[in-house]
Every structure is written in C-alpha cells, then in structure tokens.
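Structure first, then comments.
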Amino acid sequence: MSVHLLIVSVGITAVDQLRANQSRRLIAGPLCHVTKQRPTREAELLDGGSVYWIIKGHIAARQKVVELERLFDSEGEKCGLILDSELIETELFSRNPHQGWRYLEAEDAPRDLRDLVEESEADEDSEGEMSEEMAAELRSLGLI
Numbered sequence: 001m002s003v004h005l006l007i008v009s010v011g012i013t014a015v016d017q018l019r020a021n022q023s024r025r026l027i028a029g030p031l032c033h034v035t036k037q038r039p040t041r042e043a044e045l046l047d048g049g050s051v052y053w054i055i056k057g058h059i060a061a062r063q064k065v066v067e068l069e070r071l072f073d074s075e076g077e078k079c080g081l082i083l084d085s086e087l088i089e090t091e092l093f094s095r096n097p098h099q100g101w102r103y104l105e106a107e108d109a110p111r112d113l114r115d116l117v118e119e120s121e122a123d124e125d126s127e128g129e130m131s132e133e134m135a136a137e138l139r140s141l142g143l144i
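End of the sequence shown = 144 in my numbering, gap-free, step of one.
And the structure:
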C-alpha cells in the first residue's frame, strides 16, 4: 500500500508556474526536491507514492516519487526526493499550510483532474458543471 507526501509549494501561485519552474530545472537533470529528513515510510512512498503540491491553500497537483537519494551539505545529511517530470493536476482540496512535509494516506488523496474529466464525459446524465474552485469549497464544507 502506498503513501504520499504533502508539500507546500512556497512562492508558487499556480500549477502552470510550478510547471514552468520545473521545466527550467529539468535541463540540469532529474527533478530533486530536497528535505531535511528522510521519510520513515520510505518503502510505502516508493511503492507508487507521489508528492502532492499545496498551492495557495489547495492541493492542486502531484508528481510520482521515483527514488530517494542521500545528499550531504555543510549542515549534514539531507534527503533528495527524485520526482517524475510529469506534473499531474488534481482536483482541488483545501489544505492548511504547514512546514516541511506531511504524510497523506492513499485513500485520502485527491483524484487526478484528467480522471475526473473522463468520468464527467462518460456521465451523459450529468446536470450542470461547477468549477474546481466551487467543488473545493463545497468539499471543505463537507457538502460533497
């Protein structure tokens, strides 16, 4: 069973901005997000886990964790989360900011936006559509 990490994307205001920043970093090699501590649930994270990015108070995108790397600098050992280059947008879920990262159980993870689009296209009886922002607000209120 996999587990995911929640990370606040500091200074980023939109998924497209995160995508652009990461595309520039891809030129230098694989995407690596550095953390101070190594996840204790490493096996679960590497079993299909992703980093879920919190942008402006909402979980908005995810990236699969490919591997964990030991890094060293003047402050000591750190952990590099090597991420897949594909940034996948998710349904928006309201989430309070925090420092560092937090675990997110697989059953609590938001669905990929592309899966939701496919579901809504397959559901011909759907009456009206709402924006992702409205859906996120209704979820935060416990209405959907």
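Idealized CB from N, CA, C, for every residue including glycine.
6 Å CB neighbourhood of residue i in its chain, flanking five on each side removed
i: Gln89; result: The sequence given here places Glu at residue 89; Gln does not occur at that position. Val15, Ala61, Leu113.
i: Glu137; result: none
CA-to-CA distance, residue j to residue i, given in whole angstroms
i: Ile12; j: Leu45; result: 24 Å
i: Asp73; j: Ile144; result: 46 Å
i: Ala106; j: Gly76; result: 31 Å
i: Lys78; j: Ser140; result: 34 Å
Delimiting residues of the alpha helix (DSSP H) encompassing residue i
i: Gln99; result: Premise fails: Gln99 is in no alpha helix (DSSP H) and is neither H nor E.
i: Glu42; result: 42-46
i: Arg62; result: Element bounds for Arg62: not the alpha helix (DSSP H) but the beta strand (DSSP E), 58-73.
Cβ-based neighbour list, residue i, same chain, cut-off 7 Å, excluding 5 preceding and 5 following
i: Gly48; result: Ser2
Endpoints, beta strand (DSSP E) assigned at residue i
i: Val51; result: 50-55
Contacting residues, own chain, Cβ-Cβ under 8 Å from residue i (five flanking each side not counted)
i: Leu5; result: Pro39, Leu45, Gly49, Ser50, Val51, Tyr52, Val65, Leu81, Trp101, Arg102, Tyr103, Leu104
i: Glu124; result: Caution applies to Glu124, whose pLDDT of 48 falls short of 50 and renders its modelled position unreliable; the value that the coordinates give is listed next. Answer for Glu124: no residue qualifies.
Practice item. Would you be able to state if there are at least three C-beta pairs under 8 Å between the segment 67-85 and the segment 36-43? Key: yes
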